[in-house]
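When the letters of the sequence shown are read in order and numbered with the working numbering, they come out as residues 8 to 419.
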Amino acid sequence: MTDRIVLAYSGGLDTSVAIGWIAEATGAEVVAVAVDVGQGGESLETVRQRALDCGAVEAYVADARDEFAEQYCMATLKANGLYMDSYPLVSAISRPIISKHLVAAAQQFGASTVAHGCTGKGNDQVRFEVSIQTLGPELKCIAPVRDLALTREKAIEYAERHQLPIETTKSNPFSIDQNVWGRAVETGFLEDIWNSPTKDVYDYTEDPAFPPAPDVATITFEAGVPVAIDGATVTPLEAIYQLNRRAGAQGIGRIDIVEDRLVGIKSREIYEAPGAMALIAAHQELENVTLEREQARFKKTVDQRWTELVYDGQWFSPLKKNLDTFIEATQTHVSGEIRLELHGGRATVQGRKSATSLYDFNLATYDEGDAFDQSSAPGFIDIYGLSSKVASQREERLYGKPDLSGHGIGTQ
Ligand code: ARG
Numbered sequence: 008m009t010d011r012i013v014l015a016y017s018g019g020l021d022t023s024v025a026i027g028w029i030a031e032a033t034g035a036e037v038v039a040v041a042v043d044v045g046q047g048g049e050s051l052e053t054v055r056q057r058a059l060d061c062g063a064v065e066a067y068v069a070d071a072r073d074e075f076a077e078q079y080c081m082a083t084l085k086a087n088g089l090y091m092d093s094y095p096l097v098s099a100i101s102r103p104i105i106s107k108h109l110v111a112a113a114q115q116f117g118a119s120t121v122a123h124g125c126t127g128k129g130n131d132q133v134r135f136e137v138s139i140q141t142l143g144p145e146l147k148c149i150a151p152v153r154d155l156a157l158t159r160e161k162a163i164e165y166a167e168r169h170q171l172p173i174e175t176t177k178s179n180p181f182s183i184d185q186n187v188w189g190r191a192v193e194t195g196f197l198e199d200i201w202n203s204p205t206k207d208v209y210d211y212t213e214d215p216a217f218p219p220a221p222d223v224a225t226i227t228f229e230a231g232v233p234v235a236i237d238g239a240t241v242t243p244l245e246a247i248y249q250l251n252r253r254a255g256a257q258g259i260g261r262i263d264i265v266e267d268r269l270v271g272i273k274s275r276e277i278y279e280a281p282g283a284m285a286l287i288a289a290h291q292e293l294e295n296v297t298l299e300r301e302q303a304r305f306k307k308t309v310d311q312r313w314t315e316l317v318y319d320g321q322w323f324s325p326l327k328k329n330l331d332t333f334i335e336a337t338q339t340h341v342s343g344e345i346r347l348e349l350h351g352g353r354a355t356v357q358g359r360k361s362a363t364s365l366y367d368f369n370l371a372t373y374d375e376g377d378a379f380d381q382s383s384a385p386g387f388i389d390i391y392g393l394s395s396k397v398a399s400q401r402e403e404r405l406y407g408k409p410d411l412s413g414h415g416i417g418t419q
């Protein structure tokens, strides 16, 4: 039987050419698999038909939008996942779900190999192949751009020569990856890190410098997940779509960073993630009022480690799963409402309400009815500061009185 290769198919020029390119280079039959993670654009049926027209023996398309929102975006929200404190893992979380569908398709169609359109310089090749190896250890991986010398020029030439039903003239200087959680744009003049992004870089967001009137959104969470906006029930996918639109109109969620790739390169990337950034702002604040102090502090460390593992392609790894368990356990009481003002590039928390809040008005108030016993504070401070005081008494014994002049206090 002829060998089969499952190709992660986007419907664009490179992967359309890859169908024939892989078949010619390997002698295998190519099965195209397209996974909808909310990237927008053409219908799945159009994409499926194009794959067949480009020579795929089978084309399989999956609407994975709800699965992506519920299991990948919501996990990222619960972890407040921001790589290098800024990037909400847009591409990093789409690779594992696409890989899952690729492995399932490989098994269904009897393929020995999975192919993807990534280059050999980025994170995404690692994310795909580590995920595929983990979920389908029997499968081989191949990347035509990296392994079969499929350059852009050759792709254009090939598409024209074979009259593939795909646009080759539309020149886009950028490399773009997008889904419902956000959009990533790199290359072109952005590679000079002194250059400002121009207007044409953006698609999910309007210019925050000229915002419409402020928009107030009240988001209801249950166990860390948005369940309603302004009182109307929403699914996770609907919540992200709605906030992409409303926060996007206010120019919220534009990110411009030089980021550390797993492969050792620093690269400049522009992101747009209006819904994700609004949701993370709201979720973080709800955690502030519902998580106990030590739990909240420790969770920050876990969140960061979780984010690094996901960025680094370890979505299906044991440690990532263990951290999921911890994060999930912290979300039990992360329920309530957050009122956000969306305006001029910022999502600002203005109100919080939660039946499971740890905020105690009677403890916090400076007004009448204060339940906090202030007379116990001096004793607490004596004991709390004792170890530092004992150490300073030793310094004085050895070196004399602390020097209170100059920049630092204490002995030099
Ligand atoms: N640098 C980002 C990441 O590694 C995004 C890569 C997506 N690709 C792109 N063409 N911008 O997650």
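Think of the CB as a built atom: it goes at the ideal place given N, C-alpha and C, for glycine as much as any other residue.
Owing to the predicted nature of the structure, the values given are computational and were not obtained by experimental measurement.
**OP:** Run through the region 329–382 for me and flag every whole beta strand (DSSP E) of 3 or more residues, listed as ranges in chain order.
**Re:** 343–350 and 353–360
Original post:
For Trp28, which of Glu77, Gln46, Asp331 and Leu171 has the nearest alpha-carbon?
Top reply: Leu171
Original post:
By DSSP, does Gly189 sit in helix, in strand, or in coil?
Top reply: Residue state, collapsed to three classes: strand.
Original post:
Cβ atoms of Tyr211 and Pro281: under 9 Å apart, would you say?
Top reply: Yes.
Original post:
Looking at Arg498 and the ligand ARG, is the gap between the Cβ and the nearest heavy atom below 8 Å?
Top reply: With the chain represented from 8 up to 419, any question about residue 498 goes unanswered, as that position is not in the structure.
Original post:
Taking Cβ to Cβ, would you say Val37 is nearer than 9 Å to Ile12?
Top reply: Taking 9 Å as the Cβ cut-off, Val37 and Ile12 qualify as a contacting pair.
Original post:
Does the Cβ-Cβ distance between Arg253 and Ala285 come in under 9 Å?
Top reply: yes
Original post:
Which residue spans inside the region 65–126 form an unbroken alpha helix (DSSP H) run of at least 4?
Top reply: For the region 65–126, whole alpha helix (DSSP H) runs of length 4 or above, ordered along the chain, are 81–85 and 97–116.
**OP:** Look at the Cβ atom of Thr337, then the Cβ atom of Leu393, and state whether they are nearer than 9 Å.
**Re:** no
**OP:** Whole angstroms is fine: what's the gap from Ile200's alpha carbon to Ala191's?
**Re:** 16 Å
Subject >> Closest Cα partner of Ile236 within the set Val265, Gly62 and Ala289 >> reply: Ala289
Original post:
What span of residues does the beta strand (DSSP E) with Leu14 cover, start to end?
Top reply: Per DSSP, Leu14 is one residue of the beta strand (DSSP E) stretching across Arg11 to Ala15.
Subject >> Sequence-distant residues of the same chain with beta carbon closer than 6 Å to Gln419, five excluded per side >> reply: With a pLDDT of 49 at Gln419, under the threshold of 50, the modelled position of this residue cannot be trusted; read the value that follows with caution. There are no such residues.
Subject >> First through last residue of the beta strand (DSSP E) which encompasses Glu229 >> reply: Start and end: Asp222 to Glu229.
Original post:
Hey, would you say the C-beta of Ile104 is under 8 Å away from at least one heavy atom of the ligand ARG?
Top reply: no
Original post:
Does the Cβ-Cβ distance between Asn186 and Val54 come in under 9 Å?
Top reply: no
**OP:** Report the three-state DSSP secondary structure of Tyr209 (helix, strand or coil).
**Re:** Here Tyr209 sits in coil by DSSP.
Original post:
Quick one: does the C-beta of Ala99 sit closer than 8 Å to a heavy atom of the ligand ARG?
Top reply: yes
**OP:** Report back the beta-carbon spacing between Val40 and Tyr67 to the nearest angstrom; my notes put them in contact at under 8 Å.
**Re:** 5 Å
Original post:
Do the CB positions of Leu146 and Ser119 come within less than 9 Å of each other?
Top reply: yes
Subject >> Cut-off 6 Å between Cβ atoms - residues of its own chain near Phe75, not counting five sequence neighbours on either side >> reply: Val44 and Ile104
Original post:
Unbroken alpha helix (DSSP H) runs of length 4 or more, entirely within the region 150–201: which are they?
Top reply: 151–154 and 159–168
Original post:
Do Lys128 and Val270 have their C-beta atoms closer together than 9 Å?
Top reply: yes
Original post:
So the alpha helix (DSSP H) Ser394 belongs to, where does it begin and stop?
Top reply: Leu393 to Tyr406
Subject >> Rounded separation between Ala216 and Ala99 - CA only >> reply: Spanning the two alpha carbons is a distance of roughly 29 Å.
Original post:
Pick from Ile26, Ala303, Phe135 and Lys306: whose alpha carbon is nearest that of Asp319?
Top reply: Phe135
**OP:** Find the nearest neighbour of Arg312 within the set Ile26, Glu49, Met91 and Asp70, judged by alpha-carbon distance.
**Re:** Selected option, being the one with the closest Cα: Met91.
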